[in-house]
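Taking our numbering, the leading residue of the sequence shown gets 4, the next gets one more, and so forth.
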Amino acid sequence: VHTGRAASGRSVAVKCARDAKEIVAAKKEVEFYKRCAGGRNIVKYIGSQYKEATDRSPERFSFAMERAMFSLDKLMKQVRHLHGLAKDILIDLLVDCASALNTLKSRGIAHRDIKHLNILVFPGPRKGRKSQYLFKFCDMGVSSFVHDGGVMQTLVGTPHALCPAMADAHAHRQAKTRENYTREQCDLWSLGCTFYFVSTGKSPFPIDSKDSNVYANAVAEANRPEGAIAAERVCTDSGRYMYNYSYDIPNTTYPKWFRHCLAKLIGVLFSKEPTLEALDEMVSALEKSIEKKFISIESMDTFSYCDLKEVPQFSRNYPTLEEELGLKEGVEYRLIYENELAMFTNKLENQNRHRQYPPILYPVLADIPWTPKIWWRTIQDRQGMSKGTGHSSRSARFDMHSQVGEALNDCDKILEIVDLSKRILCMQLEMVGRISSLYHCFC
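Okay, here's the thing in structure tokens:
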């Protein structure tokens, strides 16, 4: 894909095809884009040009699309997103991907190659959004027209995002799957792989470029427990496939409630009969979610919580407010608002009601213990501790830089906490001063 300019002078993305096979595929891709015209989250087709072969040049076909800021892959490579997108960006991505799939379904199209490389990032509208980005599907070169209830057998797509039926065919080097697959089974599975990757920075299931059975056996329905969203291979012997499966998102920068919802959502996408309707319901709940925030003096951290346990797909084992805040059993907690002191309760509707700042949460104890994090001091220290684990010097440096970045983020967070606490306490003291003045006036 190259950068070009339309007749109007507008900057566009241009895709070129030079041989007969590529030209047929490119023209078919154009048909998909034309069919999706008007879809907010599908890249817009602008126009095409065909040049016949001459003595000096072969035939050529090119078409133009709207140009993005960058791809989701490039966004993920930014240092702050190496281990997962920020929560607000991820929620907008979930919303836009669900919208794109609804557009494809209404046009009778299966994308069949959804991944972070095929999602483009555009500047988005601020109104009604949680981030500044808008996401759109692109690269429909292996897409297919399919009616509702239709099935497919052709093996296409990216090896690390294939649904179980396609992964089995890939492992057996077959061009067609032994079992039919539907549009939902194909696209929702690869979307689940994409969501896991953009929330953790790694693929959910193990990949071995020399042995495609590693992935195929990990995702096989006969091996994968219900609800499992990731696996790690625990036996590397040739021909042996043993895995540890996990059910959670290992990104601790997300609130517990969001990790829970995201894991449940991906679990639904990885189910045997996933539906777009279930995805829409979960995504809609996340889009409308309103968080309540707290400043914890005990851990010098900020917490947010959103109660979505009424959504059927999220209800099971939904984390409580006490679990989110990490409250100790048997300890009384209180809240300091800018104009009120209150007892802490687990009823969320009583918290943060029409407040300018989140409340300060503190335990009623004579001494509040706090244990700071310990950060690696030097590269030599980090390397010394990694010698016994077989980690390379380069890996040790990367780990240290990640730790330094996390430490700097924590410093920024603590400064923000101190600033907010200062404002709240100053407002409390001003209120006490006004009450004291009134008392003296009446006395």
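Just so it is clear, CB atoms sit at the ideal spot from N, CA and C, and this is done for glycine as well.
Helix, strand or coil: how does DSSP classify residue 342 here?
Looking at residue 342 - three-state DSSP - the assignment turns out to be coil, as it is neither helix nor strand.
Does DSSP put residue 144 in a helix, a strand or coil?
coil
With a CB to CB cut of under 6 Å and the five nearest residues on each side skipped, what residues in its chain are close to residue 65?
17, 19, 52
Which parts of the stretch 219–275 are runs of the beta strand (DSSP E), unbroken and 3 residues or longer, counting only runs that do not cross its ends?
Counting only runs of 3 or more, we get 233–236, 246–249.
In this structure, how does DSSP classify residue 122 when only helix, strand and coil are distinguished?
strand
Measuring alpha carbon to alpha carbon, tell me which of 116, 341, 91 ends up nearest residue 135.
91
Sorted by chain position, which residues of the same chain lie with C-beta nearer than 6 Å to residue 191's C-beta, five sequence neighbours on each side aside?
272, 277
Step through the CB atoms of chain C and report whether any lies within less than 9 Å of the CB of residue 369.
Here there is only one protein chain, and chain C is not present.
What ranges does the alpha helix (DSSP H) occupy inside the stretch 154–230, keeping only unbroken runs of at least 4 residues that lie completely in it?
For the stretch 154–230, whole alpha helix (DSSP H) runs of length 4 or above, ordered along the chain, are 167–174, 186–203, 216–222.
For residue 99, collect the residues of the same chain with a Cβ closer than 6 Å to its Cβ; drop the 5 residues on either side in sequence, then sort them by chain order.
44, 138
Looking at the structure shown, is residue 321 part of a helix, part of a strand, or coil, going by DSSP?
coil
Count the other CB atoms, across all protein chains shown, that sit within 10 Å of the CB of residue 198; report buried if there are 16 or more and exposed otherwise.
buried
How many whole angstroms separate the CB atoms of residue 75 and residue 289, which I take to be in contact at a CB cut-off of 8 Å?
Contact flag wrong, Cβ pair sits at about 18 Å.
Smallest Cα separation from residue 27: which of 436, 62, 6, 14?
62
Pull up the CB-CB distance for residue 335 and residue 306, whole angstroms please, since I reckon it's below 8 Å.
That belief does not hold up - the Cβ atoms of residue 335 and residue 306 are roughly 18 Å apart, past 8 Å.
Taking residue 286 as the reference, give the member of 423, 264, 274 with the closest Cα.
264
Do residue 300 and residue 371 have their CB atoms nearer than 9 Å?
yes
Determine the extent of the alpha helix (DSSP H) in which residue 78 is found, giving its start and end residues.
75–79
Name the residue from 218, 225, 226, 228 whose alpha carbon lies nearest to the alpha carbon of residue 239.
218
When the Cα of residue 79 is compared with those of 202, 222, 275, which residue comes out closest?
From the listed residues 202, 222, 275, the smallest Cα separation to residue 79 is found for 202.
The alpha helix (DSSP H) spanning residue 28 covers which residue range?
23–38
Please check the pair residue 221 and residue 184, which I expect to be a contact at CB under 8 Å, by giving their CB distance rounded to whole angstroms.
Going by Cβ atoms, the distance from residue 221 to residue 184 rounds to 18 Å, so no, they are not a contact pair.
Tell me which residues share the same chain as residue 293 and place their Cβ nearer than 8 Å to its Cβ, disregarding the 5 neighbours each side in the sequence.
309
Taking the beta carbon of residue 2 as the centre, do at least 16 other beta carbons fall within 10 Å, making it buried, or is it exposed?
This structure leaves residue 2 out entirely; the chain is present only between 4 and 446.
Counting only the same chain and skipping the five closest in sequence on each side, list residues whose C-beta sits under 8 Å from that of residue 445.
none
Output the distance between the C-alpha atoms of residue 93 and residue 321, rounded to the nearest integer angstrom.
Straight-line Cα distance between these residues: approximately 20 Å.
At which residues does the beta strand (DSSP E) containing residue 304 begin and terminate?
304–308
Evaluate residue 260 with the Cβ neighbour count: other Cβ atoms within 10 Å of its Cβ, from every protein chain shown; 16 or more gives buried, anything less gives exposed.
buried
So is residue 342 buried or exposed if we call it buried at 16+ other beta carbons inside 10 Å?
Classification of residue 342: exposed, given that the 10 Å Cβ count is below 16.
May I have the straight-line CA-CA distance separating residue 9 from residue 71, to the nearest angstrom?
15 Å
Any idea what DSSP makes of residue 68, helix, strand or coil?
Here residue 68 sits in strand by DSSP.
Hey, residue 215 and residue 174: beta-carbon distance below 9 Å or not?
yes
Taking C-beta to C-beta, are residue 189 and residue 155 nearer than 9 Å?
yes
When you compare each of 107, 77, 347 to residue 125 by their alpha carbons, which one comes out closest?
Considering only alpha carbons, the answer is 77.
Confirm, please, whether the CB-CB distance from residue 262 to residue 251 is below 9 Å.
yes
Tell me whether residue 204 counts as near the ligand FAD, meaning its Cβ is closer than 8 Å to at least one heavy atom of that ligand.
With respect to the ligand FAD, the structure offers nothing, as it holds no ligand at all.
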